[in-house]
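Residues in the sequence shown are numbered consecutively from 706, following the numbering used here.
Beta carbons are placed, not taken as given, at the ideal position from N, Cα and C, and that holds for glycine.
Computed from a predicted model, the values in this text were never measured in an experiment.
Comments concern the structure below.
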Amino acid sequence: MSEKELYNAVVLLENLYFSNTFQKVLEQHNIVQEDRTRLTDYTYKSTFRKDELTLTAYYFANHEVMFVQASELYSLFVIAVDSVIEGITGMEIYLEEFNQDSSLLRMENRIVNEKGKCETFPYMQLYGQELWHSPAFLLANREGLLQLREAIDVALQNGEYRHVTSSSEGDGYDLLIKRIEEDVEWSRVETPYTGLSNKEEGTIKPSDLFSQYRTILEEE
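Set out below in structure tokens:
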């Protein structure tokens, strides 16, 4: 692993991870588990393949959480296992040059920290500008703002980040944050004004600026 790679966490029960059912739902989408290696007493590394596409995942049996590499195979993998996973957690982590001990510790710490959060459920609602100079609004409770601050810190460090939060009605959604580099032509990016019925031709959608979340955004 020469660059930072993004891993997304899903919840998968231990008995299913080791079951034939898990293998069968993958096979229905022509995905095979090429290898499964036991790294510690409760942690496993799996490698999956479909044709030339590969994907690596790290499973924590003691927490029943699997961190899945956001590779080109990610979207199809999640579709394949949708019937057996308990859900997508919103937990994400960037890993650099893979050092087994430190990377496993970082992933497990993320699981433990997330489980300790949200005694108060985070809520956040965004209201965009209607037209030029119109105000925009961000409404959130304290927990929502604290988690947003953490998400911004991750985006500053890694370039982009997907923050999972919820509206006041309890509807979860993704807030994708992008650190824009100097070489981006702002004049080519779509304007954010909700009061405009038509977008200018030749403009770039905000989603086009994301790289780590390309496969996820293509599902939308």
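Check, Outcome
"Cβ pair count under 8 Å reaching 3, the region 809-819 against the region 761-775", "yes"
"Distance CB(Ser751)-CB(Gln738) smaller than 7 Å", "yes"
"Unbroken alpha helix (DSSP H) run spanning Tyr722, endpoints", "Glu719 to Tyr722"
"Helix, strand or coil at Asn846 [DSSP, three-state]", "coil"
"Between the CA atoms of Lys729 and Arg754 - distance to the nearest angstrom", "14 Å"
"Cutoff 7 Å; reference Leu711; Cβ partners in own chain excluding five residues on either side", "Ala775, Glu797, Tyr799 and Gln917"
"One or two residues paired with Asp740 in a DSSP bridge", "Thr752"
"Buried or exposed by the 16-neighbour rule on C-beta atoms within 10 Å, applied to Ile933", "Coverage of the chain is limited to positions 706 through 925, which leaves residue 933 absent and any answer about it impossible."
"Touch test, the region 861-870 against the region 894-911, Cβ-Cβ under 8 Å, three pairs minimum", "no"
"First through last residue of the alpha helix (DSSP H) which encompasses Ser871", "Looking at the DSSP string, Ser871 is not in any alpha helix (DSSP H); the run it does join, the beta strand (DSSP E), is Glu865 to Ser871."
"Residue from Val786, Tyr779, Gln852 and Leu831 with nearest C-alpha to Ser724", "Val786"
"Residue(s) in a DSSP beta bridge with Thr759", "Arg754"
"Ordered list of beta strand (DSSP E) runs contained in the region 772-801, each at least 3 residues", "792-800"
"Phe842 and Tyr828 closer than 7 Å at C-beta", "no"
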